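**Student:** Got a structure for you, questions after.
Residue numbers (the UniProt record's numbering): 1 to 210.
Below, the structure is given as structure tokens:
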């Protein structure tokens, strides 16, 4: 084992009810509930991955997607190392709104590795989002795209693991740089930095439904 990296801050963004919390719980604890409550503000869980001989610590922030919480979201995803942008493959509007979250990251001025995941792949017969369109958009913002099922666990580890690998690779290509310094890497969004303060983290063992 070559060492330990992190913690890397990963934020999970998307509209309410796309299954952000369900993806997170499936990834961290291999659990799923059809009665998951909606996330209120934000909470986080930790996860350590072994990637290519390196222990990588992830601090995973689950953010509320409801409109009334949007003004609070930037407080939590400032200085993120990576963002997992989630949409529901059965809800076209949830996919269209992914661009809004990308714009908010730009406004915050965070250098952030991006990945997009279409949740609820177990409902493929009800899909409303053409996969080709999602992949085209992902390429346009230099992000990965994948699909997953939080309910069945399909593609969940792969989505989080690939994002973590991209974050780790980003750091390796730019040794000595901070997460907010200017750099362009695969899946990265580079814009101007601002001076807003980040609140201290408060660990929660319970996140809402997102």
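Ideal placement from N, C-alpha and C gives every residue a C-beta, glycine not left out. In this text, all values refer to a predicted model and were calculated from it rather than measured experimentally.
For residue 15, count neighbouring Cβ atoms within 10 angstroms of its own Cβ and tell me buried if that reaches 16, exposed if not.
**Tutor:** Position 15 of the chain shown, counting from 1, holds the residue named residue 15. Classification of residue 15: buried, given that the 10 Å Cβ count is 16 or more.
**Student:** Among residues of its own chain, excluding the 5 on either side of residue 279, which ones have a beta-carbon nearer than 6 Å to its beta-carbon?
**Tutor:** The structure shown does not extend to residue 279, since the chain is modelled only from 1 through 210, so no value can be given for it.
**Student:** Residue range of the alpha helix (DSSP H) that residue 102 falls in?
**Tutor:** As a working mapping, residue 102 is identified with position 102 in the chain shown. Unbroken alpha helix (DSSP H) run through residue 102: 98 to 108.
**Student:** Alpha carbon to alpha carbon, what distance is there between residue 86 and residue 77?
**Tutor:** In the chain shown, counting from the first residue as 1, residue 77 sits at position 77. In the chain shown, counting from the first residue as 1, residue 86 sits at position 86. Using only the alpha carbons, I get a separation of about 15 Å.
**Student:** Could you please give the first and the last residue of the uninterrupted alpha helix (DSSP H) stretch that includes residue 158?
**Tutor:** Here residue 158 refers to the residue found at position 158 when the chain shown is read from its first residue. Looking at the DSSP string, the run of the alpha helix (DSSP H) that includes residue 158 is 156 to 173.
**Student:** Spatial neighbours of residue 120 within its chain, please: CB distance less than 7 Å, with the 5 preceding and 5 following residues excluded, ordered by chain position.
**Tutor:** Counted from its first residue, the chain shown places residue 120 at position 120. In chain order, 19, 88, 89, 90, 149 place their CB closer than 7 Å to the CB of residue 120, counting only its own chain and leaving out the 5 sequence neighbours on each side.
**Student:** List the endpoints of the continuous alpha helix (DSSP H) containing residue 133.
**Tutor:** For the purposes of this step, residue 133 is taken as the residue at position 133 of the chain shown. First-last of the alpha helix (DSSP H) with residue 133: 131 to 140.
**Student:** Let's see if you can read the secondary structure: which residues bound the alpha helix (DSSP H) around residue 32?
**Tutor:** For the purposes of this step, residue 32 is taken as the residue at position 32 of the chain shown. Taken as a continuous stretch (DSSP letters only), residue 32 belongs to no alpha helix (DSSP H), as it is neither H nor E.
**Student:** Our contact map puts residue 115 next to residue 159 with C-beta atoms below 8 Å; I'd like the distance itself, whole angstroms only.
**Tutor:** Along the chain shown, read from residue 1 onward, the residue named residue 115 stands at position 115. Along the chain shown, read from residue 1 onward, the residue named residue 159 stands at position 159. Correct: roughly 7 Å between the Cβ atoms.
**Student:** Let me make sure I understand the geometry here. Which of 156, 151, 93 has the alpha-carbon closest to that of residue 129?
**Tutor:** Reading the chain shown from its first residue, position 129 is the one you call residue 129. Answer by Cα proximity: 93.
**Student:** For residue 150, report the span of its beta strand (DSSP E) as first-last.
**Tutor:** By one-based count along the chain shown, residue 150 stands at place 150. From DSSP, residue 150 is part of no beta strand (DSSP E); its letter is neither H nor E.
**Student:** In whole angstroms, what separates the C-alpha of residue 3 from that of residue 28?
**Tutor:** For the purposes of this step, residue 3 is taken as residue 3 along the chain shown, with counting starting at 1. For the purposes of this step, residue 28 is taken as residue 28 along the chain shown, with counting starting at 1. Their backbone Cα atoms lie some 21 Å apart in a straight line.
**Student:** Tell me which same chain residues have a C-beta within less than 8 Å of the C-beta of residue 164, skipping the five on either side of it?
**Tutor:** Here residue 164 corresponds to residue number 164 of the chain shown, with the count starting at 1. Within the same chain, residue 164 has close Cβ partners 8, 10, 49, 51, 56, 58, 82.
**Student:** What does a CB cutoff of less than 7 Å around residue 134 pick up in its chain, not counting 5 residues either side in sequence?
**Tutor:** As a first step, residue 134 must be located in the chain shown, where it is residue number 134. Only 95, 116, 118, 145 meet the Cβ criterion.
**Student:** Is it the case that the Cβ atoms of residue 46 and residue 21 are separated by a distance below 9 Å?
**Tutor:** On the chain shown, position 46 is the one that residue 46 refers to. On the chain shown, position 21 is the one that residue 21 refers to. Cβ distance not < 9 Å, so residue 46 and residue 21 don't count as in contact.
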